[in-house]
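S.K.: Before I ask anything, let me first share the structure, which is written out below as structure tokens.
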Amino acid sequence: MALVEDGRLVVHNVGAPSFRQTMRRVTGRTLRVPTMAERLASCGGQIAYSNVSPGAAYFLDPDHFGTVLHRAGSFGAGGVPLTGDDHLDVTHDLAGDVEMTARFCTRIVPSIDFSLAVLWLANPDLTLHHEALGSPEHLHALEVTDGLVSKVVETVKAHEDRFDTLLMIGSDHGHETIGRSVHIGNWLAGHGLADEVREGRVGVASQGTSALVYATDGARAAVEALLPAMCQEPWAGAILTGDALAATGLSGDTILAAVDTARHDETNDHGIPGTRWLVEDGEGAPEIGCGHHGGMGPGETRPFLAFVHPSFGHGEIGRRTSLVDIAPTILAFLGLSSDGMDGVPIEPRREPPRVS
Ligand SMILES: [Zn+2]
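In this note's numbering, each residue's number is its place in the sequence shown (first place is 1) plus 108.
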């Protein structure tokens, strides 16, 4: 994402361990709304085990209301560093996910110390960023991850006489195959905005298969004038501005447009249909043929969500839900208010599950 620093747009990788300090330095705060960790600080507390990017892990609880364990540094409430055996010193790969899950099942599931515990595996996302969808490596990562989920389910069940636990299993996105790549900042520079890009009046933040285009007030009109030409490019799928952009939940004074890249009807070597353009971020060579996400494609916007609790029964709920419904569902289960949240609790009893 881009932040305005000394009047210039500076694009940051939010996955970096330092991003939370950067955001606080530049904007005077981190998130605009309270996290689950803050809401639960006085009623049970939250602990998170994460093996994803450090930035993503720390933004579960950027202001240290609860506990976050991550290989880049683990912190207790108040930001107290956790060291030695209390730190989560695992590798950023499948083996690290296996070790983290074992530790979560041994130490956290049986513990009475938390009302919310999060286990955030790196896989299969991590493997898919470097391998083809449907490849043996992809299927192996899925199989191992599936086994880790089973282990958590069994451990929770083994303690069901002690705790009433709502177990939620989900993904925050899927993946699409990358067939080609584009550097949108270079495209803007090549279309007359070289000075604006170089001097930070225009910025492009890659989201993988989409990009956010930022502009300061003085450069806004020049970028808007280029959008019709951008729409004609083979890599431009949809360009969202105004109300359509706001409807995605993206807002801010300097966000001008979101570009969802085009999808082509091509099938990869493993029979997985569809390829997309990757928006290059300048940080590394694009991995053509591998997976990525961040746009509005059919694969990447079809995550799954499963509940394990007697009240949910068995079957499928044929109702549209959103990622933002997850937190209110947890709060409702804990008997707490979800005031101020965009989502609503998912209540399966409202309609009988369709048994599949
Ligand atoms: Zn990813």
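Yeah, the Cβ is synthetic: ideal placement off N, Cα and C, and Gly gets one too.
Given a cut-off of 9 angstroms on the beta-carbon distance, is the pair E85 and T375 in contact?
M.R.: Summary: the structure shown does not reach residue 85, with the chain confined to residues 109 through 464, and so no result is reported for it.
S.K.: Following a CB-centred definition, is D193 positioned closer than 8 angstroms to any heavy atom of ligand 1?
M.R.: no
S.K.: Flag this pair as yes or no: are the beta carbons of Q96 and D171 separated by less than 9 angstroms?
M.R.: Outside the displayed range of the chain (109 to 464) lies residue 96, so it cannot be described from this structure.
S.K.: Ligand 1 heavy atoms versus the CB of D221: any closer than 8 angstroms?
M.R.: no
S.K.: Would you say H246 touches ligand 1, meaning its beta carbon is less than 8 angstroms from a heavy atom?
M.R.: no
S.K.: Classify G443: buried if its beta carbon has 16 or more other beta carbons within 10 angstroms, exposed otherwise.
M.R.: exposed
S.K.: What are the start and end residues of the beta strand (DSSP E) that includes I363?
M.R.: I363 to T369
S.K.: Taking all protein chains shown into account, do 16 or more other C-beta atoms lie within 10 angstroms of the C-beta of T135, making it buried, or fewer, making it exposed?
M.R.: exposed
S.K.: By the 10 Å Cβ neighbour count, where 16 or more other Cβ atoms means buried, how is P232 classified, buried or exposed?
M.R.: buried
S.K.: Ligand 1 and D433: does the residue's C-beta get closer than 8 angstroms to at least one heavy atom of that ligand?
M.R.: no
S.K.: With 16 other CB atoms within 10 Å as the buried threshold, where does T317 fall?
M.R.: buried
S.K.: Rounded to whole angstroms, what is the Cα-Cα separation between V416 and R179?
M.R.: The C-alpha of V416 lies about 29 angstroms from the C-alpha of R179.
S.K.: Considering only residues of the same chain and omitting the five flanking positions on each side of H195, which have a CB-CB separation below 6 angstroms?
M.R.: Excluding its 5 nearest sequence neighbours in each direction, H195 has C-beta neighbours in its own chain below 6 angstroms: S182, listed in chain order.
S.K.: Which same chain residues, not among the five before or five after G186, have their C-beta less than 7 angstroms away from its C-beta?
M.R.: Closer than 7 angstroms at Cβ, skipping near neighbours: H172.
S.K.: What residues are listed by DSSP as bridge partners for G399?
M.R.: T285
S.K.: Ligand 1 heavy atoms versus the CB of G152: any closer than 8 angstroms?
M.R.: Using a cutoff of 8 angstroms, the CB of G152 does not count as near ligand 1, since none of the ligand's heavy atoms is closer than that.
S.K.: Verify whether the separation of the beta carbon atoms of T437 and L274 is less than 9 angstroms.
M.R.: yes
S.K.: Please report the straight-line C-alpha distance between V310 and L364, rounded to a whole angstrom.
M.R.: Here the C-alpha atom of V310 lies approximately 10 angstroms from the C-alpha atom of L364.
S.K.: By the three-class DSSP mapping on this structure, what secondary structure does V252 have?
M.R.: Correct three-state label for V252: helix.
S.K.: Just to be sure I understand the criterion: a residue counts if its Cβ is closer than 6 angstroms to at least one heavy atom of ligand 1. Which residues meet that?
M.R.: D233, H237 and H401
S.K.: Does the contact criterion of 3 or more C-beta pairs under 8 angstroms hold for the region 316–334 versus the region 384–402?
M.R.: yes
S.K.: Identify whether R328 lies in helix, strand or coil by the three-state DSSP scheme.
M.R.: helix
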